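Peer 1: I'd like to ask you about the structure that follows.
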Amino acid sequence: PHYRGQVISDKTSGLLAAPEDSELNPLLWLPKSVRHGYALLPPLLKVLSDQGHQNWESEVPRLQPDSRALRYMKRLYKMSATKDGIPKANKSHLYNTVRLFTPCSECKHLHRDLMKGDVHSVDLLFNLDRVTALEHLLKSVLLYSFDTSVPNSSSITCMCHLSAKEHGFSGQVCPSISHSIAFSLHFEVRKRKWVEIDVTSFLQPLIATNRRNIHMAVNVTCLMGEPPQNTKLENPINMALVPPSLLLYLNDTSEQAYHRWNSLRHKRKNPVRPRPRNSPRGDKENSQGKRASRRRR
Amino acid sequence: EENLQEAPTTSPSDLSQYFKQFLFPQNECELHNFRLSFSQLKWDKWIIAPHRYSPQYCKGDCPRVVGHRYGSPVHTMVQNIIYEKLDPSVPKPSCVPAEYSPLSVLTIEPDGSIVYKEYEDMIATKCTCR
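Quick mapping for you: the protein sequence lines, in order, are chains W and P.
Going left to right, the first sequence walks through residues 63 to 359 as my numbering numbers them.
Going left to right, the second sequence walks through residues 5 to 134 as my numbering numbers them.
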């Protein structure tokens, strides 16, 4: 609303050039919940106010994303939009935003308890600052990518145990909620690169409280073959599990976001109202009534 | 009537051309193609997809009698009459987008996270006179 109809005069270019956190930056006039929602707005405003000679890129240093994560998101983009960027009319997908977070680097430590075979446990910290209050969670997924070629086997059964960690007052970390999910993976050799573990019910309470940092421990144990013969750990598979990324499927309720259901409603602008089924007399009265009101009009 | 007297003696086919100038302006309001790539704006480092983007735009003169052709409200004709008869400082109706379609964008955020977003009203698909 602050920018609609406002002429971006040369005065504002100074404002727009202001660093993101200075009170001169007009984006700070937007409510915090909305600011990140307009990911595209700041650069557009910048180009308009600076006559475009500076490229936005030089202004905002960006951390480079994980290449595997980038590959996954490009694949998601191809499934969701055409080459020219038009969203595919896919009724099943209600999300209009998907955010992929890779765990913060300092806490990516893998320790494998070799005594018990292949138990991968990893401590993950995700920073969700980019999620705005107008983005409502629809689904959240831990995304594992398998980096080793999986042995030629029909199926692998994995058990994933999650526990969210709270930072206590004295700074010590104690698990607050835990959650176990069993999932079996059926691989064709070397075909499947990604495994999505649905953690929506586990994360919902954390994200609903607008938590900015999600700290969790994830233990994954994978065994060859079908249960129940694989109950013992003697045949764990040896695969290098890369720490998972966190994928959030969101419904952005801001004005700038595309609302599929809204466009569907827009298309059905004048639904044909079912004619009232009543007696012919009723119909006659009805049509007379209509004629009278039309005459009055 | 007087136009006919002034009108040069022309064959019927040219006559329709002759009258056309009264009905629709030469460069009538319509949708024009425009394609850009984010690399031209030097944004391709953080806008991963799409590579090409066609926002389109509306350009052209609005006919004096704008009827159903543009879905224009009656106010558009009133504004034209004001411009022609009462006060030329009131602008003539303009050729502007009437409908849009959304665009899906894949971008890298400053913190290195990746976001797929569908934005409303990013491609003009229909023009109108307002």
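By construction, the Cβ of each residue, glycine as well, lies at the ideal position given by its N, Cα and C atoms.
It should be emphasised that the depicted structure is a prediction, and the values quoted were computed from it without experimental measurement.
(1) Determine, using beta carbons only, whether tyrosine 320 of chain W comes closer than 8 Å to chain B.
(2) Chain P partners of tyrosine 206 of chain W, CB-CB under 9 Å?
(3) Please report the straight-line C-alpha distance between serine 58 of chain P and histidine 198 of chain W, rounded to a whole angstrom.
(4) Could you tell me the distance, in whole angstroms, from the CA atom of valine 109 of chain P to the CA atom of glutamate 34 of chain P?
(5) Can you tell me whether tyrosine 61 of chain P is buried or exposed? The criterion is at least 16 other CB atoms within 10 Å of its CB, across all chains shown.
(6) If you pair each beta-carbon of the stretch 148-167 of chain W with each one of the stretch 184-194 of chain W, do three or more pairs fall below 8 Å?
(7) Short check: CB of proline 127 of chain W to CB of isoleucine 112 of chain P, under 8 Å?
(8) Under three-state DSSP, which class holds glutamine 156 of chain W?
(9) Going by the CB atoms, is the gap between serine 183 of chain W and alanine 279 of chain W shorter than 8 Å?
(10) Going along chain P, which residues have a C-beta under 8 Å from proline 127 of chain W?
(11) Any C-beta of chain P sitting closer than 8 Å to the C-beta of glutamine 68 of chain W?
(12) If we cut at 8 Å on Cβ distances, does isoleucine 269 of chain W have a partner in chain P?
(13) Between asparagine 189 of chain W and chain P, is there a C-beta pair that is closer than 8 Å?
(14) Can you find at least 3 beta carbon pairs, one from the stretch 71-89 of chain P and one from the stretch 41-56 of chain P, that sit closer than 8 Å?
(15) I'd like to check one pair, threonine 144 of chain W with lysine 136 of chain W: are the Cβ atoms closer than 8 Å?
(16) Give, in chain order, every residue of the stretch 94-113 of chain P whose Cβ lies closer than 7 Å to some Cβ of chain W.
(17) I want to verify the contact list: residues of chain P whose CB lies under 7 Å from the CB of leucine 138 of chain W, in sequence order.
(18) Quick check: the Cα distance between leucine 40 of chain P and arginine 56 of chain P, rounded to an integer number of angstroms?
(19) Give me whichever residues DSSP pairs with proline 101 of chain P in a beta bridge.
(20) Output yes or no for whether 8 Å exceeds the beta carbon distance between leucine 196 of chain W and proline 306 of chain W.
(21) What are the residues of the stretch 143-156 of chain W that lie near chain P, defined by any Cβ-Cβ distance shorter than 9 Å?
(22) Which residues in chain W sit within 8 Å of tyrosine 123 of chain P, going by Cβ to Cβ distance?
(23) Taking the alpha-carbon positions, what's the aspartate 65 of chain P to aspartate 18 of chain P distance?
(24) In chain W, which residues lie less than 8 Å from serine 58 of chain P when you measure between Cβ atoms?
(25) Could you check where the beta strand (DSSP E) with alanine 53 of chain P kicks off and where it finishes?
(26) Using the DSSP secondary-structure output, state which residues sit across from phenylalanine 188 of chain W in a beta bridge.
(27) Between the Cα of leucine 107 of chain P and the Cα atoms of P:Val100, P:Lys121 and P:Lys63, which residue gives the shortest distance?
(28) Going by beta carbon distance, what residues of the same chain come within less than 6 Å of cysteine 169 of chain W, once the five residues before and after it are set aside?
(29) Going straight from the alpha carbon of isoleucine 118 of chain P to that of arginine 192 of chain W, what length do you get?
(30) Note down, in chain order, each residue of its chain lying with its Cβ closer than 6 Å to the Cβ of isoleucine 276 of chain W, except the 5 sequence neighbours on either side.
(31) If you drop the 5 nearest sequence neighbours on each side, which residues of the same chain put their C-beta closer than 6 Å to that of glutamate 317 of chain W?
(32) Between which residues of its own chain and serine 105 of chain P is the CB-CB distance below 7 Å, once the five residues before and five after are set aside?
(33) Using a Cβ-Cβ cut-off of 8 Å, state whether threonine 164 of chain W counts as contacting chain P.
(34) Checking the sheet assignment: what are the DSSP bridge partners for tryptophan 256 of chain W?
(35) For the stretch 255-281 of chain W, list every residue whose C-beta sits within 8 Å of some C-beta in chain P, in sequence order.
Peer 2: Based on what the coordinates show:
(1) Structure shown: chain B not included; protein chains present are W and P.
(2) The residue you call residue 206 of chain W lines up with position 144 of the first sequence. Those do not exist, as tyrosine 206 of chain W stays about 17 Å from chain P at its closest Cβ, beyond 9 Å.
(3) For the purposes of this step, residue 58 of chain P is taken as the residue at position 54 of the second sequence. For the purposes of this step, residue 198 of chain W is taken as the residue at position 136 of the first sequence. About 29 Å.
(4) Residue mapping note: residue 109 of chain P aligns to position 105 of the second sequence, counting from 1. Residue mapping note: residue 34 of chain P aligns to position 30 of the second sequence, counting from 1. Looking at the two C-alpha atoms, the distance is approximately 27 Å.
(5) As a working note, residue 61 of chain P is residue 57 in the second sequence. By the neighbour-count rule (16 or more Cβ atoms within 10 Å), tyrosine 61 of chain P is not buried but exposed.
(6) yes
(7) For the purposes of this step, residue 127 of chain W is taken as the residue at position 65 of the first sequence. For the purposes of this step, residue 112 of chain P is taken as the residue at position 108 of the second sequence. Cβ atoms of proline 127 of chain W and isoleucine 112 of chain P: closer than 8 Å.
(8) Position 94 of the first sequence, counting from 1, holds the residue named residue 156 of chain W. Checking the displayed sequence, the identity of residue 156 of chain W turns out to be leucine instead of glutamine. Coil at leucine 156 of chain W, not helix or strand.
(9) By one-based count along the first sequence, residue 279 of chain W stands at place 217. By one-based count along the first sequence, residue 183 of chain W stands at place 121. In contact: alanine 279 of chain W and serine 183 of chain W (Cβ atoms closer than 8 Å).
(10) Taking the first sequence and counting its residues from 1, one reaches residue 127 of chain W at position 65. By Cβ distance, chain P contributes Ile112, Gly116, Ser117 and Ile118.
(11) Your numbering for residue 68 of chain W matches position 6 in the first sequence. With a pLDDT of only 40 at glutamine 68 of chain W, under the threshold of 50, the placement of this residue in the model should not be trusted; the figure read from the coordinates follows. Not closer than 8 Å to any Cβ of chain P, the Cβ of glutamine 68 of chain W fails to qualify, so no.
(12) Counting from one through the first sequence, the residue named residue 269 of chain W turns up at place 207. Not closer than 8 Å to any Cβ of chain P, the Cβ of isoleucine 269 of chain W fails to qualify, so no.
(13) The sequence position of residue 189 of chain W within the first sequence is 127, counting from 1. Interface residue, yes.
(14) no
(15) Sequence index remark: in the first sequence, residue 136 of chain W carries index 74 (1-based). Sequence index remark: in the first sequence, residue 144 of chain W carries index 82 (1-based). Contact: no.
(16) Ser105, Pro106, Leu107, Ser108, Val109, Leu110, Thr111, Ile112 and Glu113
(17) Position 76 of the first sequence, counting from 1, holds the residue named residue 138 of chain W. Tyr120, listed in chain order.
(18) Walking along the second sequence from the start, residue 40 of chain P turns up at place 36. Walking along the second sequence from the start, residue 56 of chain P turns up at place 52. Distance between the alpha carbons of leucine 40 of chain P and arginine 56 of chain P is about 6 Å.
(19) Here the question's residue 101 of chain P lines up with position 97 in the second sequence. Proline 101 of chain P is bridged to P:Cys131.
(20) On the first sequence, residue 196 of chain W is found 134 positions in, with the first residue counted as 1. On the first sequence, residue 306 of chain W is found 244 positions in, with the first residue counted as 1. No, Cβ-Cβ distance for leucine 196 of chain W and proline 306 of chain W is not below 8 Å.
(21) Ala143, Thr144, Lys145, Asp146, Gly147, Ile148, Pro149 and Lys150
(22) Indexing the second sequence from 1 puts residue 123 of chain P at position 119. Here the neighbours are Leu102, Gln318, Ala319 and Tyr320.
(23) For this step, residue 65 of chain P is matched to residue 61 along the second sequence. For this step, residue 18 of chain P is matched to residue 14 along the second sequence. In a straight line, the C-alpha of aspartate 65 of chain P is about 23 Å away from that of aspartate 18 of chain P.
(24) Sequence index remark: in the second sequence, residue 58 of chain P carries index 54 (1-based). Chain W residues near serine 58 of chain P: Asp146.
(25) The sequence position of residue 53 of chain P within the second sequence is 49, counting from 1. Alanine 53 of chain P -> beta strand (DSSP E) spans 51-53.
(26) Walking along the first sequence from the start, residue 188 of chain W turns up at place 126. DSSP, once it has assigned bridges, lists W:Ile276 as partnering phenylalanine 188 of chain W.
(27) By 1-based counting over the second sequence, the position of residue 107 of chain P is 103. Taking only the C-alpha atoms, the option nearest leucine 107 of chain P is P:Lys121.
(28) For the purposes of this step, residue 169 of chain W is taken as the residue at position 107 of the first sequence. Only weak support is given to the placement of cysteine 169 of chain W: the predicted model assigns it a pLDDT of 47, under 50, and the value that follows is read from those uncertain coordinates. Closer than 6 Å at Cβ, skipping near neighbours: Asp185 and Leu187.
(29) As a first step, residue 118 of chain P must be located in the second sequence, where it is residue number 114. As a first step, residue 192 of chain W must be located in the first sequence, where it is residue number 130. Near 10 Å, if we compare the C-alpha coordinates of arginine 192 of chain W and isoleucine 118 of chain P.
(30) Mapped onto the first sequence, residue 276 of chain W falls at position 214. Phe188 and Leu268, listed in sequence order.
(31) In the first sequence, counting from the first residue as 1, residue 317 of chain W sits at position 255. Correct list: empty, nothing qualifies.
(32) Within the second sequence, the letter at position 101 stands for residue 105 of chain P. Counting only Cβ-Cβ distances below 7 Å, and skipping sequence neighbours, we find Ile127 and Thr129.
(33) Within the first sequence, numbered from 1, the residue matching residue 164 of chain W stands at position 102. By this cut-off, threonine 164 of chain W is an interface position.
(34) Here residue 256 of chain W corresponds to residue number 194 of the first sequence, with the count starting at 1. Per DSSP, W:Ser207.
(35) none
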